[in-house]
Amino acid sequence: MRFVTDVLRHLGVDEADEVQRLEARLTRIEALYSQIAPKKKKAAAPIRALPAIVVEELYEIFDPLSQRNPFKTVQIRSRNYLLFILYLHLGLRRGEALLLSASAIRSDYDLITGREYRWINVTTLEGEDPRYLQPALKTEQSQRQLPVTPELVALFDNYVGNYRIHSKYGHLFISQKKTPLALQTVNDIFNVATTSLSPAAKAALEVRGWAKIPARGKGSQDEREGKRWISPHDLRHTAAVLRLKRFVDSGDEMEKAIGKLDTRNNLSL
DNA sequence: AGCTGAAGAAAGGTTTTGCG
DNA sequence: CGCAAAACCTTTCTTCAGCT
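In the working numbering, the protein residues as written are 6 to 274.
Given below as structure tokens:
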């Protein structure tokens with residue numbers, strides 16, 4: 006700025022008001038640009054999204070038909086698979102999934118296109134809840150509706166229709182004791198899945214600073230610092246990436262999807 | 001930048017189930 | 001049937017995300 010006015014003077018644009026006029030305009034432009042200066046980069050945040058090999062293996066481990074599935078019964082397998090997919094695809098918080106109702110997915114017709122679309126209601130399920138730790142939505146604004154793919158709808162319907170254990174509670178996720186699944190049990194499920202990963206996948210996590218992950222059935226004897234188990238929150242971070250990709254892929258569903266997205270609740274990475 | 005509620009870790013317990 | 005393992009849960013305490 007200083008430089009520019011000096012140059013103008015030097016070039017002999019010495020009509021004072023001419024220089025002043027230019028200076029005023031430049032000042033204004035400078036002010037404008039200062040507003041849109043790029044934000045300072047934050048100190049590099051550790052990567053929380055999971056490596057691709059780990060995500061691929063988790064699909065295989067949770068797949069109810071897979072040889073690698075460590076869970077015993079078909080009921081628990083399909084329940085855990087749906088739980089995993091909800092965390093990975095929708096990026097739900099741990100507790101949010103446990104609040105879902107067995108009728109959380111709703112459909113409606115779009116009067117303009119005449120097509121059916123479906124979404125899932127993330128909200129607080131009213132009624133008695135016997136759990137020691139009550140899951141809760143973090144804020145009122147956490148109540149939202151998320152668009153769901155036909156694949157997810159099929160998975161949901163299959164589980165609810167064929168495998169969900171009947172219970173007097175309306176929750177989607179029910180334990181073998183016929184009560185809503187406890188928060189800790191979700192961790193237990195992911196612990197089992199984590200120990201079922203191949204050595205290669207475990208190595209990929211250790212490269213990222215995780216502690217050594219024990220083999221199935223064994224406790225962890227390793228004293229190294231770091232995370233030992235994949236958590237729903239890790240999937241939430243991974244989900245943000247996947248979600249963007251799916252929206253781009255979904256083409257003409259895009260507007261509908263965005264309409265259902267609560268922009269105030271965009272996932273931050 | 002501070003705060004609040006959710007997530008996570010750890011330890012340890014009970015109930016249920018698959019399978020020999 | 002019997003038993004070991006899986007499934008599930010409580011309790012306490014610490015850490016962290018993300019809202020205001």
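Glycine included, every Cβ here is placed at the ideal spot set by N, Cα and C.
{"query": "In the DSSP assignment, the alpha helix (DSSP H) including Glu62 goes from what residue to what residue?", "result": "Ala57 to Phe67"}
{"query": "Alpha carbon to alpha carbon, how far is Tyr164 from Glu156?", "result": "12 Å"}
{"query": "Mapping the DSSP letters down to three states, classify Ala141 as helix, strand or coil.", "result": "coil"}
{"query": "Less than 8 Å between the beta carbons of Arg111 and Val158, yes or no?", "result": "no"}
{"query": "Per DSSP, what kind of secondary structure is Tyr174 in: helix, strand or coil?", "result": "coil"}
{"query": "Can you list, in chain order, the residues of its chain with a C-beta nearer than 6 Å to that of Leu202? Leave out the 5 residues immediately preceding and following it.", "result": "Glu62"}
{"query": "Which partner residues does Ile81 have in the DSSP bridge list?", "result": "Paired residues: none, contrary to the question."}
{"query": "Tell me which residue opens and which closes the beta strand (DSSP E) that Pro204 is part of.", "result": "Note, Pro204: premise wrong, no beta strand (DSSP E); alpha helix (DSSP H) at Pro204 to Val212."}
{"query": "What does Tyr122 pair with, by DSSP beta-bridge criteria?", "result": "Asp113"}
{"query": "Can you tell me whether Ser83 is buried or exposed? The criterion is at least 16 other CB atoms within 10 Å of its CB, across all chains shown.", "result": "buried"}
{"query": "Opposite Gln150 in the DSSP bridges: which residues?", "result": "Asn126"}
{"query": "May I ask which residues mark the beginning and end of the alpha helix (DSSP H) holding Phe161?", "result": "Pro155 to Asn163"}
{"query": "Going by C-alpha distance, which of Phe195, Leu91, Gln189 and Thr118 is nearest Leu105?", "result": "Leu91"}
{"query": "Take Glu211 as the anchor and find which of Gly96, Thr144, Glu230 and Glu131 has the nearest alpha-carbon.", "result": "Glu230"}
{"query": "Using alpha carbons as the reference points, say which of Ile235, Ile58, Arg98 and Ile170 lies closest to Gln148.", "result": "Arg98"}
{"query": "To the nearest angstrom, how far is it from the Cα of Lys77 to the Cα of Thr118?", "result": "44 Å"}
{"query": "Taking Gln150 as the reference, which of Phe195, Gly96 and His176 has the closest Cα?", "result": "Gly96"}
{"query": "Enumerate in chain order the residues of its own chain whose CB-to-CB distance from Asp134 is below 7 Å, with the five nearest sequence positions on each side excluded.", "result": "Pro185"}
{"query": "Going by DSSP in three states, Pro75 sits in which element: helix, strand or coil?", "result": "coil"}
{"query": "With a 10 Å radius around its C-beta and 16 neighbouring C-beta atoms as the bar for buried, classify Asn167 as buried or exposed.", "result": "exposed"}
{"query": "Out of Gln146, Leu240 and Ala57, point me to the one whose CA is closest to Asn126's CA.", "result": "Gln146"}
{"query": "In angstroms with no decimal places, state the Cα-to-Cα distance between Ile194 and Asn85.", "result": "8 Å"}
{"query": "Is it right to say Ala109 is buried, meaning 16 or more other beta carbons lie within 10 angstroms of its own, or is it exposed?", "result": "buried"}
{"query": "With a threshold of 16 other CB atoms inside 10 Å of the CB of Leu160, please say whether the residue is buried or exposed.", "result": "buried"}
{"query": "Helix, strand or coil: which one does DSSP assign to Ile179?", "result": "strand"}
{"query": "Could you name the residues of the same chain whose beta carbon sits closer than 6 Å to that of Tyr114, not counting the 5 residues immediately before and after it, in chain order?", "result": "Glu121"}
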